[in-house]
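Here the sequence shown is numbered in the numbering used here, starting from 293 and rising by one per residue. Even for Gly, the Cβ is constructed at its ideal location relative to N, Cα and C. What follows is a single structure, written as structure tokens, with notes after it.
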Amino acid sequence: MVIEVDRNSGFCFGVRNAVEIAEKALLSGEKIYSLGSIVHNDMEVKRLLSLGLVTIDHSQFRKLRDCKVLIRAHGEPPETYKTAKENNITIIEATCPIVKKLQSRIRDKWSKLKDENGQVVIFGKPGHAEVIGLMGQTANEAILISGPDDIAKIDPERPVELYSQTTMELEDYKKVRELIYNKIKEKGKLDPDKDFVAHSTVCGQVSNREPHLRKFAAGHEIIIFVSGKESSNGKMLYSVCKSVNPETYFVSSPEEIDSSWFIGKNTVGICGATSTPKWLLDKIKDYISNI
Ligand code: SF4
């Protein structure tokens with residue numbers, strides 16, 4: 293049986309960067325807190341916990357004093373940095389550089405648009421950590437839309453600048469962009485080619501994976517998709533694989549693998565989400581080889 297691990301699967305650049313920053317900081321032997329899970333993968337969170345990285349939530353964060361806290365790849369709103377300063381907390385900055393740049397672009401645009409009666413619109417998932425960080429750049433004044441139904445929140449008689457959470461699906465972003473354009477055009481007060489600016493900020497690290505995974509899933513008789521159950525990117529990429537290859541199985545650890553899946557099969561593909569560590573994909577490969 294041929295078993296292939298997808299070379300493009302594994303951490304995206306931002307998550308790899310955050311984990312490397314955490315590992316380096318943990319070398320000092322000091323306890324470090326991570327504000328939220330550093331990655332949506334329990335196995336990796338457990339591995340880092342054994343090195344001293346303790347995951348906390350925001351209510352625990354507010355009670356901390358005189359310690360070190362890591363900000364994960366999703367980023368945080370300005371409020372978090374303010375609290376850290378007040379409580380003598382040293383921030384270990386591991387926000388993905390792409391998200392950091394997006395935060396500063398949104399902040400600059402929002403300050404500028406306030407004088408021009410414009411609107412900053414963010415296409416993202418309500419409650420998602422990255423979205424909370426992006427909204428925070430605008431004192432939560434930006435308009436958050438998560439789908440076509442929310443377009444009604446936008447005033448078509450005022451200029452609009454549209455941004456997207458980095459992990460949204462590109463096709464959904466394009467749909468929303470078209471709807472806003474048409475709404476402004478239909479109203480007829482503004483010129484959508486001038487007064488509507490759409491910034492395509494979906495991250496290529498995510499959007500490029502989908503077409504690649506389609507090919508990968510079609511090229512094997514059976515697909516083992518490895519991801520944490522909490523990962524929204526994992527759920528989305530799993531359904532992409534499943535739609536191409538019905539013999540796709542979702543697992544989070546080797547123990548979830550059923551040996552009967554491989555009976556009569558000659559080729560197995562192993563792939564995962566942007567939050568799946570490479571070492572876990574290799575471990576799954578070893579496990580299947582032993583079967
Ligand atoms: S998906 Fe892109 S923007 Fe988000 S953390 Fe990964 S590299 Fe950064």
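Where do the N-terminal and C-terminal ends of the beta strand (DSSP E) with Q411 fall, by residue? 411 to 415
Would V498 pass as a contact of N537 if the rule is Cβ separation under 9 Å? no
Which residue comes first and which comes last in the beta strand (DSSP E) that contains F542? 540 to 543
Quick one: grab the DSSP three-state call for I398. helix
Below 9 Å between beta carbons: does that hold for D334 and C563? no
Please give the ranges of any alpha helix (DSSP H) in the region 414 to 474, keeping only runs that are unbroken, at least 4 residues long and fully inside the region. 421 to 428
Exposed or buried, what is Q352 when buried is set at 16 or more other beta-carbons lying within 10 Å of its beta-carbon? exposed
Using a strict less-than 6 Å threshold between each residue's beta carbon and the heavy atoms of the ligand SF4, what residues do you get? C304, F305, G306, V307, A365, C388, I390, V391, T458, T459, C495, Q497, V498, T566
Return helix, strand or coil for K406, following the three-state DSSP convention. helix
Run through DSSP, which three-state label would K233 get? Residue 233 cannot be examined here, being either before or after the span of the chain that is shown, 293 to 583.
Let me know the secondary structure DSSP gives K521 once reduced to three states. coil
Assumed close pair V489, E453 - CB separation to whole angstroms, cut-off 8 Å: 5 Å
Report buried or exposed for T559, applying the criterion of at least 16 other Cβ atoms within 10 angstroms of its Cβ. exposed
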